[in-house]
Structure formats: C-alpha cells, structure tokens
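Data first, discussion second: the structure below is written as structure tokens.
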Amino acid sequence: MHRQPFDLADERLMPVIEDCFTGMRRVLRTADAELALFAANAHGAWEAAIQNLVAPGESVLIPISGHFAEHWALQAEGLGHEVRRLPWHEGLAIDPQAVEDALRADTERRIAAVFVVHTDTGSGTTCDLPAIRAAIDASGHPAVMVVDVVASLVAAPFEMDAWGIDAVIGGSQKGLMLPPGLSFMAARGAALERIAANPAPRMYWNWQRRQSDNISLMFCGTPPENMLFGLQASLRLIEQEGLEAIQARHALLAGAVHSAVEVWAEAGELSFFATQPERRSVSVTPIATAPGVDPEAVRRVARERFQVAIAGGNGVTLGRVFRIGHLGDTNPAMILGCLAGIEGAMRIQGVRFGSGGVDRAVAWLAEHLANA
Ligand SMILES: *Cc1c(COP(=O)(O)O)cnc(C)c1O
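Per the numbering used here, the very first residue in the sequence shown carries number 258; after that it's consecutive.
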C-alpha cells in the first residue's frame, strides 16, 4: 500500500482497479453483479444502498440483530425514510418467519428493501441468509434483499448469486484485512431494476454514474489508490489461501474460543451472549458478564498488562459484555495468547470463571489439527 500513487493518466491504474473488481466478484461469489468501490467507511456503503435503492416515500424493513442493524436503521431514518424494525431478541439471530410476516402485512407494498446484517458484530450472531431469502420469496413481496457482509465476508460462507442476494455492502477493515476507509456495494437483478427506476436525487453515491469506464466517474473523483493497492494484495492473499481454507480456519479458531468460553461459563459469572450455538459468528464472540462484573475493567487490565485488546459492548450492551474478535489474519497462537491474557485479566479483577478454558482451547485445536 505504501507506494507512490499513480498519476491519474497512468495506464497502470485501470488494471489495478479491474483486478480489484475481479477479485471482489470472486469473494462475493457472483459472476456478473455490478460493483462500486467507495473511498468511505462502511457507513458510506450503507448510505449508497439507501440512496440508490429506496425512493422518497418508500420504507425499509430492518430486522434488528444488534447494534449495527439499529445503526443502519438510524441512517435510513436520517435520510428521511420510514423504517419498520423487527424487534431485537437479544442473543437470537434474525427470525426468517418474522420477516415473512412483516412483508405479508405490508399490503400497500411500501417496503422497498429488506436490510439484513449477516453477522451483527454487536451481538455475535450470524443469520441464515438462504432462510431469509426463502421467507421473502414466500411472502410474494417484491422488496429487494440487501445484505451487510462487513463482518462476515471471507470469514463465513456467503454466496451472492446462489443465495439470490440482490445487493451487498461491505467494508475493508474486517475479513478483507485492510485498514478502514474503503467500502463497496454490489448489485444485481431486481436491485439494478430498482436503482434504474428510483427517482431519488443523488450524486456522490449515484450508482449509474459510477458504472463507467471513466475513472473519475467510477470513484466520483480521485480513487483511493493506496487502498486499492492494499485490496489487490489482500485479494491475492485470499486467493492463495483459498476461500474454503480461510473459512475452515475461522471455524476452527471460533471453535477454540467457544470451547474456552464454555469452560469459563461453568462458574456462573460469564455466558455466551449469542445463545443459539449454530448461529454464533465465526468472526466475533461476545461474552455476557453477570451484574457486578465490570467488562470494561477486564478490558483495561487485559490491554494494559497483558497486551491483549478485546472489545466492549456497544449501545445497549455497553457494560454488559466484552467481545473477542477472531477475524482476518489470525492463527492459533494469537487466539491462545488472547484467551490466556483474558484469563489473566479476569484473575486480577476477581472474576469467577471455570478454570481450564485455555487448556480446552488447546485440546480443541490439537484434535482438529492432528491430521491437518
Ligand atoms: C464494522 C461494521 C460496520 C461499520 O463499518 P464502518 O467502516 O465503521 O462504517 C457496519 N456493519 C457491520 C456488521 C460491522 O461489523
């Protein structure tokens, strides 16, 4: 990434962009979706989805899965749209039946799109996208399905074409292993038809304007060249390891974290925030703490004395959870060091936790890596 960017007329620039587009289609598992890359964080891509897919006066259905779904909802409201929220049931992933019921109830067909967060980083749940697609289809409602894959892409299986996803948004700093500051949107089929028919005024995020071979229209100005160099490199790393191998590594490391948390939970002060084991994310594990345990203090001690950075809760979970990230460029040693540092911090803080969590994680890894 730390190269001198090209002058905009340099003929080496377009091949970098094309390489990024080809690689992005490969990780999104789409043959021919249209793509746009933005010099913006993922909130920018959220805005692109709202502005291009939702016309003035139309509504958005958002099943709340945690902090990130709620913030996408707030952004749609900020842009003047009515949002119909499906209430959040803490610890549970999105209920496809509730999506179907809400669409059936929309007899006036005001809902333009269903916004679904695949892995809600706040709650550590990963929803069942094919089941949600089937629910939308069963309702007979024409709303398009738009998925936020910021925290799941590359780490967890995702199939844009095979699962019939109309539009997708994501960002650079999670499974794509890049710094923050680049985001993308992909759209196909019904989403492209909506975009074309949408009379909403728009400029910076204007999809059709960006579908150009003129670089300054594609990026609505100067492309973030160094981020593109980085994306090109990370896509090459992903290609080398292979999507299936990467997803197996994420499942393995998440399993190691989960096996430690199961042991920690035995003493009664810690528990999985995501209560459905099959819907736990392979990217992040939030751990709920009992009243009287201060997760922010555990974080501080882990960070300052064990050099282990873990996340806290966000929004309504602040002060009630800490979160372990196991996403991107991670390996068994990093995860074991992280779990051990958290145990050390919890000891200092007097948190009661079942002992032997790290041992259980080692055993899990050994069992699964014995014949690797
Ligand atoms: C991190 C994250 C975002 C927001 O990303 P920014 O780059 O900070 O805008 C959105 N959705 C999910 C699921 C995330 O994990």
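Glycine is no exception: its CB is placed at the ideal position from the N, C-alpha and C atoms.
Coil, strand or helix - residue i by DSSP
i           : result
residue 402 : strand
residue 440 : strand
residue 263 : coil
residue 363 : coil
residue 245 : As displayed, the chain neither begins before 258 nor continues past 629, which places residue 245 out of reach and without an answer.
residue 325 : helix
residue 612 : coil
residue 270 : helix
residue 377 : strand
Closest by C-alpha distance to residue i, when choosing among the options
i           : options               : result
residue 416 : 375, 434, 265 and 395 : 375
residue 511 : 618, 273, 525 and 334 : 618
residue 286 : 515, 539 and 410      : 410
residue 314 : 304, 489 and 334      : 334
residue 360 : 345, 390 and 349      : 390
residue 514 : 549, 621 and 576      : 621
residue 272 : 540, 522 and 488      : 488
residue 590 : 573, 572, 615 and 406 : 615
residue 363 : 348, 352, 346 and 340 : 340
residue 539 : 414, 317 and 524      : 414
residue 421 : 288, 263, 623 and 584 : 288
residue 357 : 350, 386, 393 and 349 : 393
residue 521 : 263, 494 and 613      : 613
Distance, residue j Cα to residue i Cα
i           : j           : result
residue 355 : residue 343 : 7 Å
residue 567 : residue 380 : 15 Å
residue 419 : residue 579 : 35 Å
residue 309 : residue 442 : 11 Å
residue 445 : residue 424 : 6 Å
residue 233 : residue 628 : Nothing can be reported for residue 233: it is not among the residues displayed for the chain, which extend from 258 to 629.
residue 428 : residue 277 : 13 Å
residue 270 : residue 472 : 9 Å
residue 555 : residue 569 : 9 Å
residue 519 : residue 529 : 8 Å
residue 306 : residue 373 : 12 Å
residue 459 : residue 474 : 14 Å
residue 573 : residue 558 : 23 Å
residue 290 : residue 527 : 43 Å
residue 448 : residue 267 : 34 Å
residue 543 : residue 382 : 9 Å
residue 451 : residue 503 : 34 Å
residue 549 : residue 605 : 15 Å
residue 311 : residue 467 : 18 Å
residue 259 : residue 496 : 21 Å
residue 547 : residue 347 : 15 Å
residue 302 : residue 524 : 42 Å
residue 345 : residue 407 : 20 Å
residue 440 : residue 609 : 41 Å
residue 404 : residue 588 : 28 Å
Flag this pair as touching only if the stretch 290 to 304 and the stretch 467 to 486 have three or more C-beta atom pairs under 8 Å; answer yes or no.
-> yes
Decide if the stretch 592 to 612 is in contact with the stretch 559 to 572; the criterion is three or more beta carbon pairs, one per stretch, under 8 Å apart.
-> yes
Quick one: complete alpha helix (DSSP H) runs, 4+ long, within the stretch 419 to 486?
-> 446 to 454, 464 to 467 and 472 to 475
Inside the stretch 517 to 577 only - beta strand (DSSP E) runs reaching at least 3 residues = 527 to 529 and 541 to 546
Quick check: the stretch 482 to 493 against the stretch 311 to 329, are there 3 or more CB pairs under 8 Å?
-> no
Should the stretch 364 to 378 be called in touch with the stretch 319 to 326, which here means at least 3 C-beta pairs below 8 Å?
-> yes
Inspect the CB distances between the stretch 526 to 534 and the stretch 275 to 285 and report whether three or more fall short of 8 Å.
-> no
Pair every Cβ in the stretch 394 to 413 with every Cβ in the stretch 361 to 372, then say whether three or more of these pairs are closer than 8 Å.
-> yes
Contained alpha helix (DSSP H) runs [length at least 4] in the stretch 281 to 315, N- to C-terminal order = 299 to 310
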